[in-house]
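Trainee: When you read off a place in the sequence shown, starting at 1, and then add 14, the result is the number in this note's numbering.
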Amino acid sequence: MEALMTMPDTVDTDAARHLTTREGWHAFTSQRPSPPALLSEHEYAALSEAELERYNEDRLDHHARLLVVATSTVRHTVTSGRRLILLNRHAVSARRGLIVSGPAGTGKTIAITQLGLAHELQDRARHPDVDDRIPVVYITVPPAATPRMIAAEFARFLGLPTARRFNITDIIDSVVGVCTAARTGLVLVDELHNISLTTRHGAEVADTLKYFSERIAATFIYAGIDIEHSSLLSGTRGAQIAGRFTLIPTHPFPYGQEWKGLVSTMEKTLLLHRHAPGTLVKLDRLLHKRTGGMIGALSHQIRGAALDAVLTGTEKITQDSLEAVPLDVAAESPRLLTDTRHTW
Numbered sequence: 015m016e017a018l019m020t021m022p023d024t025v026d027t028d029a030a031r032h033l034t035t036r037e038g039w040h041a042f043t044s045q046r047p048s049p050p051a052l053l054s055e056h057e058y059a060a061l062s063e064a065e066l067e068r069y070n071e072d073r074l075d076h077h078a079r080l081l082v083v084a085t086s087t088v089r090h091t092v093t094s095g096r097r098l099i100l101l102n103r104h105a106v107s108a109r110r111g112l113i114v115s116g117p118a119g120t121g122k123t124i125a126i127t128q129l130g131l132a133h134e135l136q137d138r139a140r141h142p143d144v145d146d147r148i149p150v151v152y153i154t155v156p157p158a159a160t161p162r163m164i165a166a167e168f169a170r171f172l173g174l175p176t177a178r179r180f181n182i183t184d185i186i187d188s189v190v191g192v193c194t195a196a197r198t199g200l201v202l203v204d205e206l207h208n209i210s211l212t213t214r215h216g217a218e219v220a221d222t223l224k225y226f227s228e229r230i231a232a233t234f235i236y237a238g239i240d241i242e243h244s245s246l247l248s249g250t251r252g253a254q255i256a257g258r259f260t261l262i263p264t265h266p267f268p269y270g271q272e273w274k275g276l277v278s279t280m281e282k283t284l285l286l287h288r289h290a291p292g293t294l295v296k297l298d299r300l301l302h303k304r305t306g307g308m309i310g311a312l313s314h315q316i317r318g319a320a321l322d323a324v325l326t327g328t329e330k331i332t333q334d335s336l337e338a339v340p341l342d343v344a345a346e347s348p349r350l351l352t353d354t355r356h357t358w
C-alpha cells in the first residue's frame, strides 16, 4: 500500500487555501512538496541553534500535512468514477454519477478529491498546451442551503460575480457557459447531507443540482454523511437520484490486513531521530481500538504524536505519547456512530 500524495503547502491568499476555489483546487493538483531529508545523527548533532529551528520547522510542516493513502475506498472511488466519466462521455442526457456515503471520518472527501485529482492530471496530460480548460469543479453544500447559494458556490469556484444584482438565472447561465467552454468533465459536490428533501429549500436545491447536471456535460459525484439513510433517496425526487447514482459506502476499517497496511504506510513517513521502525506496527491493534478503525482519527493521532515528538525533543512515538493525543468524540466513543442518526 502506497501514499498517493500529500496536501499542498500553505499559500499566501485565502482563495488558494480552499479547494472550493479554482486557485485552491489548482494548488492542490499542482503542488507535490517533497519531504525534507532526515539528517544523520552526526549532522543532527552538529546543527546550530538557528539551523535546528529551521530543520525542526520543516519536519513539523511535513508531519502536519494530511497524508493520503490508497485505501480500498479511494481505489474503488477512483476506478468507479473514471469508468463513469468514460461512459458519460457521449451521453446527451441521463448521465450517471456516484454517491460516496458513510459516517464522518471514513475518508469520503479524500476519496472524491483523489478522483478529481486523477481526472485533472489525466486531462492536463491529454491537453498539455491548453490553459483555459477547467476539468474539475469542487463545491460544498452550505448548511440550510438555498438554490441561489448553490449557484453561488459554483460561481465562486469559477471566479464569477455573485452580486445581489445578479439573479439566480443569470448566475446559472454564467456557470453553465463557463463550464461548457472550459470542457468541465467532473463536478464534485461535498457535504450533501446538508440538503433535506423534507424542506422546500432542500427540495429546490436538489432540483437545482439536477438542472446543473442536465446542462453541464459532466459526471457528478456526491459525498455526504449517511446519505442512504436520509430523505435524499426517498420520494419522487429521491427516486430520480437513486435511479442515476451508484452508492459507494464508506465504513470504519475492521482490524485486519488493510488496517495493518495503513499503520505501516503512515509509520514509514515519519521523520524522527529516535523512533524505532515497526513500533506503530506492533501497536496497530491498540490504534484500532482507540480510533474505532476511523482513518481520519488514525491520521490525526499519528501526526499529532509525531509533532509532539519533535516539539518535546523525544524524537520518537510511544504508546504513552499516542494516548496523550486527544481524539474527536466519535473516535473516543465509536458507539455514537451507530447510536445516533441525522434527522432529515
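All residues carry an ideal CB built from backbone N, CA and C; glycine is no exception.
I'd like the span of the beta strand (DSSP E) that includes Ser115, first residue to last.
Mentor: As a position in the sequence shown, residue 115 is number 101, starting the count at 1. Start and end: Gly111 to Gly116.
Trainee: Cα separation between Arg109 and Thr283?
Mentor: Along the sequence shown, one-based indexing puts residue 109 at 95. Along the sequence shown, one-based indexing puts residue 283 at 269. Their Cα atoms are separated by approximately 40 Å.
Trainee: For Ala319 and Ser335, I'd like the C-alpha separation in whole angstroms.
Mentor: Taking the first residue of the sequence shown as 1, we reach residue 319 at position 305. Taking the first residue of the sequence shown as 1, we reach residue 335 at position 321. Each residue's alpha carbon lies about 6 Å from the other.
Trainee: Look up Val201 in the DSSP assignment and give the residues it is bridged to.
Mentor: Residue numbering aside, residue 201 sits at position 187 when the sequence shown is read from its first letter. Val151 and Phe234.
Trainee: Please classify Pro161: does DSSP put it in a helix, a strand, or coil?
Mentor: If you number the sequence shown from 1, residue 161 lands on position 147. It is helical.
Trainee: Out of Asp298, Ile186, Ala159 and Asp72, state which residue places its alpha-carbon closest to the alpha-carbon of Leu211.
Mentor: Here residue 211 corresponds to residue number 197 of the sequence shown, with the count starting at 1. Comparing Cα positions, the closest option is Ala159.
Trainee: Checking 8 Å against the spacing of the C-beta atoms, do Val155 and Phe168 come in under that value?
Mentor: In the sequence shown, counting from the first residue as 1, residue 155 sits at position 141. In the sequence shown, counting from the first residue as 1, residue 168 sits at position 154. The answer is no: Cβ separation not under 8 Å.
Trainee: Is it a yes or a no for the segment 38-51 touching the segment 239-252, going by three-plus beta-carbon pairs under 8 Å?
Mentor: These segments do not touch.
Trainee: What distance in whole Å lies between the Cβ atoms of Val339 and Gln315, which are believed to be in contact at a cut-off of 8 Å?
Mentor: Here residue 315 refers to the residue found at position 301 when the sequence shown is read from its first residue. Here residue 339 refers to the residue found at position 325 when the sequence shown is read from its first residue. Confirmed, Cβ separation roughly 5 Å.
Trainee: By DSSP, does Leu284 sit in helix, in strand, or in coil?
Mentor: Walking along the sequence shown from the start, residue 284 turns up at place 270. DSSP places Leu284 in coil when its eight states are reduced to three.
Trainee: Along the chain, where does the beta strand (DSSP E) that runs through Val83 open and close?
Mentor: Stepping through the sequence shown from its first residue, residue 83 is reached at position 69. Note, Val83: beta strand (DSSP E), Leu81 to Val83.
Trainee: Can you tell me whether DSSP reads Thr34 as helix, strand or coil?
Mentor: Within the sequence shown, numbered from 1, the residue matching residue 34 stands at position 20. In the structure shown, Thr34 sits in coil (DSSP, three-state: anything other than H, G, I, E or B).
Trainee: Please give me, in chain order, every unbroken run of the alpha helix (DSSP H) with length at least 4 that falls completely inside the segment 205-229.
Mentor: 214-229
Trainee: Going by the CB atoms, is the gap between Glu228 and Ser107 shorter than 8 Å?
Mentor: The sequence position of residue 107 within the sequence shown is 93, counting from 1. The sequence position of residue 228 within the sequence shown is 214, counting from 1. Contact: yes.
Trainee: Measuring straight from C-alpha to C-alpha, what distance separates Thr213 and Asn181?
Mentor: Taking the first residue of the sequence shown as position 1, residue 213 is located at position 199. Taking the first residue of the sequence shown as position 1, residue 181 is located at position 167. If you take the alpha carbons of Thr213 and Asn181, they lie about 22 Å apart.
Trainee: Tell me the start and end of each unbroken alpha helix (DSSP H) in the segment 89-142 that is at least 4 residues and wholly inside, in chain order.
Mentor: 122-140
Trainee: Ordered along the chain, which non-local residues of its own chain (more than five positions away) have a Cβ less than 8 Å from that of Thr120?
Mentor: Counted from its first residue, the sequence shown places residue 120 at position 106. Excluding sequence neighbours, Thr120 sits near Thr87, Thr264, His265, Pro266, Met308, Ile309 and Gly310.
Trainee: Just mark Leu101 as buried or exposed, buried being the case when its beta carbon has 16 or more other beta carbons within 10 Å.
Mentor: Translated into positions along the sequence shown, residue 101 becomes position 87. By the 10 Å Cβ count, Leu101 comes out exposed.
Trainee: Between the segment 296-305 and the segment 73-87, do three or more beta carbon pairs fall short of 8 Å?
Mentor: no
Trainee: Taking only the alpha-carbon atoms, compute the straight-line gap between Val144 and Asp137 and give it to the nearest angstrom.
Mentor: The residue labelled residue 144 in the question sits at position 130 within the sequence shown. The residue labelled residue 137 in the question sits at position 123 within the sequence shown. Distance between the alpha carbons of Val144 and Asp137: 10 Å.
Trainee: Going by C-alpha distance, which of Pro117, Gly199, Ile124 and Leu52 is nearest Arg2?
Mentor: Missing from the structure shown is residue 2; the chain here goes from 15 to 358 and no further.
Trainee: Considering only residues of the same chain and omitting the five flanking positions on each side of Leu321, which have a CB-CB separation below 8 Å?
Mentor: Sequence index remark: in the sequence shown, residue 321 carries index 307 (1-based). Leu74, His77 and Ala78.
Trainee: If the criterion is Cβ atoms closer than 8 Å, does the pair His141 and Ile99 meet it?
Mentor: Numbered from its first residue, the sequence shown carries residue 141 at position 127. Numbered from its first residue, the sequence shown carries residue 99 at position 85. Contact: no.
Trainee: For Arg349 and Pro161, I'd like the C-alpha separation in whole angstroms.
Mentor: Residue 349 sits at position 335 when you count from the first residue of the sequence shown. Residue 161 sits at position 147 when you count from the first residue of the sequence shown. Low per-residue confidence applies at Arg349: pLDDT is 43, beneath 50, and the placement is therefore not dependable enough to give any value.
Trainee: In the DSSP assignment, the beta strand (DSSP E) including Leu261 goes from what residue to what residue?
Mentor: Indexing the sequence shown from 1 puts residue 261 at position 247. Unbroken beta strand (DSSP E) run through Leu261: Phe259 to Pro263.
Trainee: Throw me the rounded Cβ distance for the Ile126 and Asp240 pair, which I believe falls under 8 Å.
Mentor: Locating residue 126 in the sequence shown gives position 112, where the first residue counts as 1. Locating residue 240 in the sequence shown gives position 226, where the first residue counts as 1. About 16 Å; that fails the 8 Å criterion.
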